[in-house]
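Taking it in order: structure first as C-alpha cells, then the write-up.
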Amino acid sequence: MSALERVRPSEPHMPVSPQLAMRVAILGGLAMAMFAIIFFRLWFLQVLSGEQYVQQADANRARDLPIAAPRGEILDRAGQALVSSRTTNAVQIVPSALPAAGAPRLALYRRLGRLLGLSPAAIEALVVHGRSNLRYAPVTIKTDAGTGVLTVLAERQNEFPGVVQQPVSIRDYPHGEMAAQVLGYVGQVTKPELKMRAFQSVQQGTVVGQEGLEYYYDRYLRGKAGVQRVEVNAEGYPVAARLSPTAPQAGHSLRVTLDLGLQKASEKALLDGIEHARASGKPANAGAFVAMDPRNGQVLSIGSYPSFDPNKFAKPLTETEYKQLQGNSTEGGPLTDRAVNGTYPTGSTFKPITAMGALESGVLDPNAGLGAGRCIYVSTQQFCNAGQADYGAVSLVDALRVSSDTYFFEVGELANSHGDVIQRKARELGIGRKTGIDLPEELTGTVPNRLWRAHQNELELKCRARTHRPSCGIVAEIRPWSVGDNMHLAVGQGDLVTSPLQMAVAYSTLTNAFMHGGEGTVVTPHLGLEVDDATGGLVQALSPPPARHVHLNYSDLSLVMGGIHAAASQPGGTSFDVWNGWDQAQHPVYGKTGTAQREPKEDQSWYMCYVGDPQRPIVIAVTVEQGGFGAETAAPIARLIASKWFGRPAKFVAGSSKTR
Amino acid sequence: MPLSPIKPTDEQPVEPPRQLRMPVDPMLTLAVLGLAVCSIVTLGAATRDLIPGQPNYYVNRQLIYLVVGVLGMVVLSRLDYARLRQFKNGIYALLILSILAVLALGHAARGSQRAINLPFFSFQASELGKVLLILAIAAFVVDRARRLRERETTARVMIAALVPAMFVIAQPDLGSGMVYMVVAFTMLFVAGTAWRHLASLLVLVVVSLTFVLVAAPAAGVHVLKPYQVARLTAFLHPSSNPQKEGYQQQESKIAIGAGQKFGRGANASQVPNGFVPERHTDFIFAAVGERYGFVGAGLVLALYALLIWRALGVLVMAKDLFGSLIAAGIAAMLMFQVFVNVGMTIGIMPITGVTLPLMSYGGSSVITTLLAVGLLQSIYVQARASASLKGRVLRY
Chain A
134 MSALERVRPS
144 EPHMPVSPQL
154 AMRVAILGGL
164 AMAMFAIIFF
174 RLWFLQVLSG
184 EQYVQQADAN
194 RARDLPIAAP
204 RGEILDRAGQ
214 ALVSSRTTNA
224 VQIVPSALPA
234 AGAPRLALYR
244 RLGRLLGLSP
254 AAIEALVVHG
264 RSNLRYAPVT
274 IKTDAGTGVL
284 TVLAERQNEF
294 PGVVQQPVSI
304 RDYPHGEMAA
314 QVLGYVGQVT
324 KPELKMRAFQ
334 SVQQGTVVGQ
344 EGLEYYYDRY
354 LRGKAGVQRV
364 EVNAEGYPVA
374 ARLSPTAPQA
384 GHSLRVTLDL
394 GLQKASEKAL
404 LDGIEHARAS
414 GKPANAGAFV
424 AMDPRNGQVL
434 SIGSYPSFDP
444 NKFAKPLTET
454 EYKQLQGNST
464 EGGPLTDRAV
474 NGTYPTGSTF
484 KPITAMGALE
494 SGVLDPNAGL
504 GAGRCIYVST
514 QQFCNAGQAD
524 YGAVSLVDAL
534 RVSSDTYFFE
544 VGELANSHGD
554 VIQRKARELG
564 IGRKTGIDLP
574 EELTGTVPNR
584 LWRAHQNELE
594 LKCRARTHRP
604 SCGIVAEIRP
614 WSVGDNMHLA
624 VGQGDLVTSP
634 LQMAVAYSTL
644 TNAFMHGGEG
654 TVVTPHLGLE
664 VDDATGGLVQ
674 ALSPPPARHV
684 HLNYSDLSLV
694 MGGIHAAASQ
704 PGGTSFDVWN
714 GWDQAQHPVY
724 GKTGTAQREP
734 KEDQSWYMCY
744 VGDPQRPIVI
754 AVTVEQGGFG
764 AETAAPIARL
774 IASKWFGRPA
784 KFVAGSSKTR
Chain B
16 MPLSPIKPTD
26 EQPVEPPRQL
36 RMPVDPMLTL
46 AVLGLAVCSI
56 VTLGAATRDL
66 IPGQPNYYVN
76 RQLIYLVVGV
86 LGMVVLSRLD
96 YARLRQFKNG
106 IYALLILSIL
116 AVLALGHAAR
126 GSQRAINLPF
136 FSFQASELGK
146 VLLILAIAAF
156 VVDRARRLRE
166 RETTARVMIA
176 ALVPAMFVIA
186 QPDLGSGMVY
196 MVVAFTMLFV
206 AGTAWRHLAS
216 LLVLVVVSLT
226 FVLVAAPAAG
236 VHVLKPYQVA
246 RLTAFLHPSS
256 NPQKEGYQQQ
266 ESKIAIGAGQ
276 KFGRGANASQ
286 VPNGFVPERH
296 TDFIFAAVGE
306 RYGFVGAGLV
316 LALYALLIWR
326 ALGVLVMAKD
336 LFGSLIAAGI
346 AAMLMFQVFV
356 NVGMTIGIMP
366 ITGVTLPLMS
376 YGGSSVITTL
386 LAVGLLQSIY
396 VQARASASLK
406 GRVLRY
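Read top to bottom, the protein sequences are chains A and B.
Numbering-wise, the first sequence is residues 134 to 793 according to the numbering used here.
Numbering-wise, the second sequence is residues 16 to 411 according to the numbering used here.
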C-alpha cells in the first residue's frame with residue numbers, strides 16, 4: 134500500500150481556497166455559537182436555578198407516609214387509666230410486592246381470605262380503596278388479627294408475598310361499657326370532618342375522636358403525626374433508599390374529674406336499681422345518673438344505661454350494628470347519653486325550684502297552709518295527689534317533706550297570675566339552657582311559658598299549612614297558655630323538658646348558694662381536669678368559670694333546703710326510709726324524690742339530692758325511665774352512690790313512698 | 016500541535032512502512048476515548064436498576080459495542096478513504112436497500128420498525144446510513160466538482176439525500192432523516208455551492224415545515240404522525256401538556272437543573288428512579304447533568320467541542336476535496352446530533368429521537384459514530400502522508 138499509488142493525478146491536492154476558509158470559518162462559528170447556547174442554558178439551569186430544581190426533584194421522589202402518633206390516655210382524677218392505647222399487629226398488604234395481577238394474586242387473596250375470614254373480593258376492594266388514598270402506602274387488611282393468624286403468617290411468609298405485619302396502636306377501653314357515652318370512641322377522620330376547622334392539620338387516614346371526650350379534647354389527645362419519607366420511582370413505588378423520618382409527637386393525656394371507684398359504683402348502683410325495678414314488674418328500660426361537686430361543677434361520675442362497648446369501634450361496624458346502637462329517634466339507643474341528652478320531665482324534683490320562684494317573687498307565704506284535700510279543681514279540670522292522698526293544708530317545709538302535689542298545684546295557680554316567676558327561677562338556676570359541659574352535644578331543654586306556647590302554636594299551624602296534615606305533633610292541640618300549664622310545670626310535669634345534668638346544675642346552684650348565705654354560682658359542669666404531656670408535666674389546667682352568679686334570698690332558700698332535708702331525714706319524708714341508718718349529722722341529706730308521669734308509659738323514677746360534707750359535698754341526680762316511684766328506684770341508687778363517695782357500706786333500701 | 020517524526024523528503028525517499036508508524040490524530044482519539052469512558056461511567060450509574068438482577072446489562076453491551084466500533088475505527092484509519100470513491104454507486108445502493116429492508120421487515124411485523132433484529136444485536140440501518148450517505152454524497156459532489164455552481168448539482172445532491180431521508184422518516188425515524196438533510200446541506204455549503212442556491216434551499220425548508228406542521232394537518236393530510244408533531248411543538252410550550260411530551264422534557268430539565276454545580280452523585284433520583292424517560296439512550300445527557308452537575312456536563316461538552324474542532328481541522332487539512340467533504344459531513348452530523356440531543360434535554364429543542372453520539376447506549380449509533388471517526392482518522396493519516404511527500408508541514 135503505497136501512498137503514491139493512491140494519489141490520482143486527476144485529483145489535485147486542494148489548497149485551502151479563501152472560499153473554503155470562509156465557509157469552514159462559518160461552520161466553526163456555528164459550532165461555537167451552538168456550544169455557547171448550550172453552555173449558557175446549562176449555566177442558567179444548573180447554577181442559577183439549581184436550587185429550585187433540587188426542590189422539584191425532591192418533591193418528585195419523596196412521598197410522605199404519616200406515622201400515627203400515639204394517642205394520649207384519658208385518666209380519672211387520681212390518674213387511673215380510663216382509656217389507653219395498646220399495640221397490636223395489623224395485617225397489611227404492600228401493593229407493590231404483590232404477585233402479578235390475575236390468577237397468582239387471586240390465589241394469594243384466597244389463601245389470605247381463608248386465614249382472616251374475609252372473601253377475596255373484600256380483600257381486593259380494601260387494596261384498591263387503600264391504594265386510591267395513598268398509592269405507595271401499605272394497606273391495612275385486618276387490625277386485630279389474633280396471635281394464631283399472625284403466627285401462621287410469620288411462619289409461612291413465602292406463601293404470602295406482599296403480606297406484612299405492622300405493629301399499630303389501637304384504642305383500648307379497659308372498662309368496656311363504663312361511661313362509654315362520655316368517653317366516646319375513635320375512628321378514621323371522615324371527609325366532612327377534614328373540612329372542619331377543628332381538624333385542620335389532620336391528614337387523611339388519621340384516627341380521631343368521634344364522640345364524647347375523645348372528640349371534644351381530640352386536639353390534645355391526637356398528638357402530631359410523624360412523617361416517614363419514602364423515596365419512590367416514577368410509578369410511585371417505593372425504592373430502597375430511605376430518607377430520615379420525623380418522629381411523631383405523642384398526644385397529651387387528659388385527666389378528667391371522674392372518680393374511677395365512684396364511677397364503677399354508680400354504674401353498678403344504676404344496674405341494681407334497674408334490676409330491682411324490673412323485679413317488681415317495671416320495664417325500667419333506661420336510666421342515667423350524674424354526681425357532681427356542687428362547688429365547682431366537677432363531674433364525679435356520670436353514666437347512661439343502656440351502654441355500649443367502645444372497643445367495638447376498633448373494627449368497622451355494620452349498618453345494622455350501628456343502627457342498633459343509635460336506636461330510634463324518640464327513644465334513643467345505647468349511644469344516647471341520657472344524663473346529658475335525655476329529654477325528660479322531672480316530676481317532683483322540680484318542686485324546690487317552683488318554691489324558690491314563688492317565694493322570692495312574694496307569691497307564696499311559706500307558712501300559709503295550702504293544698505288541702507285530694508284534688509285541686511280549676512274550672513272543669515281536677516289536679517290530684519298521687520294515690521288520692523290528702524295531706525291537709527300544709528306549710529312549705531311540710532309540703533316538700535311529703536311532696537304534696539295539691540300544695541304545688543296551688544302554688545302554680547297562684548304564680549300564673551304573676552307571670553313567669555317559676556320559669557324565670559328555673560332558667561336562672563340552669564334549667565332549659567345549655568350547661569356548657571365539655572361534651573360535643575347537649576340538650577337545651579324547655580321551660581314552657583306563655584310565649585313558648587304561642588310560638589309552638591304558630592309552628593304547628595305553619596307546619597299543618599305546609600304539609601296539609603291534620604297534625605304535626607308539635608303541640609297536641611292549638612290553644613293558648615293556661616293556668617293548668619303553669620300548675621303542671623309547678624310539679625315538674627307538662628311541657629317541661631330537661632336532663633339529669635341540668636337538674637344537677639340547678640341543685641348545685643341551690644346548694645352552693647345555701648353554703649354561702651344566698652350567694653350562689655351556676656357552675657359549669659365539666660369533665661376535663663387538666664391536660665398533661667407525655668412526661669406528666671401540666672400543659673393546661675381546665676377549670677371553666679361558673680356560668681353566672683345568682684343571689685338567692687337566704688331565708689327563703691333555708692326554708693326550701695330545710696324542706697328537702699326533712700324529706701330525706703324525717704319521718705313522713707318521701708325518702709326518709711331510703712336513708713334509714715344514714716348518719717344525717719355527719720352527712721346531712723337534702724333529697725327530693727320525683728315521679729314523672731309519661732303516659733302511656735310507666736312513671737319515670739327521679740331522685741335529686743345534695744349530701745353535705747365540709748370537704749367533699751356531692752350533688753347526685755338519678756333517673757330511671759319506666760322505673761316507678763322516685764323513692765322506689767332512683768333514691769336507693771342515689772344512696773348507693775353516696776355510700777361509695779363517703780365510704781359507707783353499700784345498702785340498697787327501696788323507699789315505700791308512693792308520691793310523685 | 017506536535018509534529019510527527021517525519022524526516023525531510025530530500026534526505027530519503029519515502030518508505031512505505033513509515034506510513035504505518037504515522038500516528039492517528041491524537042486529539043481526535045483523546046476526544047473519542049474520553050466520550051467512551053463518560054458513556055460507560057454514566058450508563059453504569061444510570062441503568063443499575065433498569066433491569067432487575069442485571070445491573071451491568073447495558074454497561075457490558077455498550078462496552079462490546081465500543082470495542083467493536085474502535086476496532087472498526089482502527090481498520091478504517093489504516094485504509095485510504097479515497098478508494099471508497101469508486102464504490103459510490105454500490106454505497107448508495109446499500110444505503111437505500113438496507114433502509115428499504117428495514118421498512119419491509121417492519122411492515123411484515125405490522126408496526127413501526129427501525130431495526131433488523133439479529134441474534135445478538137438489532138441493526139439500525141438508518142444509523143449506518145448516515146456514514147454511507149456522507150460517502151456517497153461526497154463522491155457525487157467530487158464528480159461534479161466543476162459544475163458546482165449549477166442548479167442541477169444542488170438539486171441532484173439534495174434529492175440524493177431526500178430519498179433515503181423520506182424512507183427513514185417513514186420508519187419512523189424523524190431524527191435520522193433530519194440528519195441526512197443537514198449533512199447534505201452542509202456538504203454542499205462546504206463544497207462551495209452558490210449562496211443563492213443555499214438560500215433557496217432554506218426557504219424551501221421553511222415552506223415545507225409550514226406545510227407539514229400547519230397547512231397539511233389543517234387540510235386533513237398528515238405527513239407526520241401526530242405524536243411526532245406533538246413532540247416537535249411541545250418544547251415551545253412545556254407547561255401546556257405536562258403529562259406527555261412536555262412531561263418528559265420537564266423531568267429532564269429538573270434532573271439537569273438539580274445537578275447544580277457539582278452534581279447529586281449517589282443522591283440522584285430523577286434519572287435512577289425513572290422520572291426521566293429513555294435515560295440510557297436519548298436522555299443520557301440528563302443522567303450526566305444530574306449526577307455530575309455543571310462540571311460533568313461541561314466536561315462532556317468540552318469533549319464534543321474537541322471532537323468537532325478536530326473534524327473541522329481534518330476538513331481543512333484533507334489532501335483532496337473528497338476527504339474534505341467527508342469531514343464536513345461528519346462534522347455536520349456530530350454538530351447537529353449534539354446540539355439537537357443536548358438541546359432536547361435542556362428544553363431548547365424539540366424531542367426528535369436523535370442520539371447523543373458515543374454517549375447514548377446502542378450499538379448502531381456507537382459503531383456508526385466510531386466508523387465516522389475512523390474515516391476522519393484515515394483522512395488525517397492520508398493528508399499527513401501526502402504532505403510529507405511534498406515536503407509540506409500541515410499545521411491544522
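We put the beta carbon where it would ideally sit given N, CA and C, even for glycine.
Just so you know, these numbers come straight off a predicted model, no measurement behind them.
| Asked | Found |
| --- | --- |
| Below-8 Å beta-carbon distance, G183/A vs any chain B residue | yes |
| Selection of the stretch 161-173 of chain A by Cβ proximity to chain B, strictly under 9 Å | G161, L163, A164, M165, M167, F168, I170, I171 and F172 |
| Below-8 Å beta-carbon distance, G389/B vs any chain A residue | no |
| Minimum Cβ-Cβ distance from Q243/B to chain A less than 8 Å | no |
| Beta-carbon proximity check, P187/B vs L110/B, cutoff 8 Å | no |
| Where F779/A falls: helix, strand or coil (DSSP) | coil |
| Contiguous alpha helix (DSSP H) assignments of at least 4 residues, all confined to the stretch 184-263 of chain A | 236-249 |
| Own chain partners of T221/A with C-beta closer than 6 Å, once the 5 adjacent residues on each side are dropped | D277 and I303 |
| Chain A within 8 Å of I394/B, Cβ atoms only | no |
| Interface residues of chain A facing G207/B [CB-CB closer than 9 Å] | S150, Q152, L153 and R156 |
| Secondary structure of E310/A, DSSP reduced to three states | coil |
| Partner residues on chain B for A367/A, Cβ-Cβ distance less than 7 Å | N288, G289 and F290 |
| Inter-stretch contact at 8 Å, needing at least 3 Cβ pairs: the stretch 312-328 of chain A / the stretch 434-443 of chain A | yes |
| Collapsed DSSP secondary structure at G653/A in the structure displayed | strand |
| Cα-Cα separation between T479/A and G780/A, rounded to whole angstroms | 29 Å |
| Ordered list of beta strand (DSSP E) runs contained in the stretch 596-669 of chain A, each at least 3 residues | 652-655 and 661-665 |
| Interface residues of the stretch 90-114 of chain B facing chain A [CB-CB below 8 Å] | D95, A97 and R98 |
| Per-residue burial, K595/A [other beta carbons within 10 Å of its own, 16 or more giving buried] | exposed |
| Rounded separation between M348/B and P372/B - CA only | 9 Å |
| Ranges of the alpha helix (DSSP H) found wholly within the stretch 147-201 of chain B, counting only runs of at least 4 | 166-184 |
| Contacts that L314/B makes with chain A (C-beta to C-beta distance below 9 Å) | Under the 9 Å cutoff, chain A gives no residues; its nearest Cβ is about 12 Å from L314/B. |
| Partners in chain A for L45/B, counting only beta-carbon separations shorter than 7 Å | The contacting residues do not exist; L45/B stays about 18 Å from chain A at best. |
| Euclidean distance between Cα positions of Q337/A and I200/A | 12 Å |
| Contact under 8 Å by Cβ, F542/A with M620/A | yes |
| Cβ pair G144/B, S113/B closer than 8 Å | yes |
| Cβ separation of L660/A and V432/A, assumed to be a contact under 8 Å, to the nearest whole Å | 5 Å |
| Cβ of F155/B within 8 Å of any chain A Cβ | no |
| Alpha-carbon spacing of I79/B relative to Y72/B, whole angstroms | 11 Å |
| Collapsed DSSP secondary structure at N500/A in the structure displayed | coil |
| Per DSSP, the bridge partner or partners of Q431/A | H659/A |
| Backbone CA spacing between R362/A and L675/A [nearest angstrom] | 37 Å |
| N444/A to M311/A span [Cα, whole Å] | 11 Å |
| 8 Å contact criterion, which G545/A and T487/A should meet: CB distance rounded | 7 Å |
| For E663/A and V535/A, the rounded distance between their alpha carbons | 43 Å |
| Helix, strand or coil at V341/A according to DSSP, with G and I counted as helix | strand |
| Where L35/B falls: helix, strand or coil (DSSP) | Confidence is the limiting factor: at L35/B the pLDDT is only 47, short of 50, which leaves the residue's position unreliable, though a coordinate-based value still follows. L35/B: helix per DSSP, three-state reduction. |
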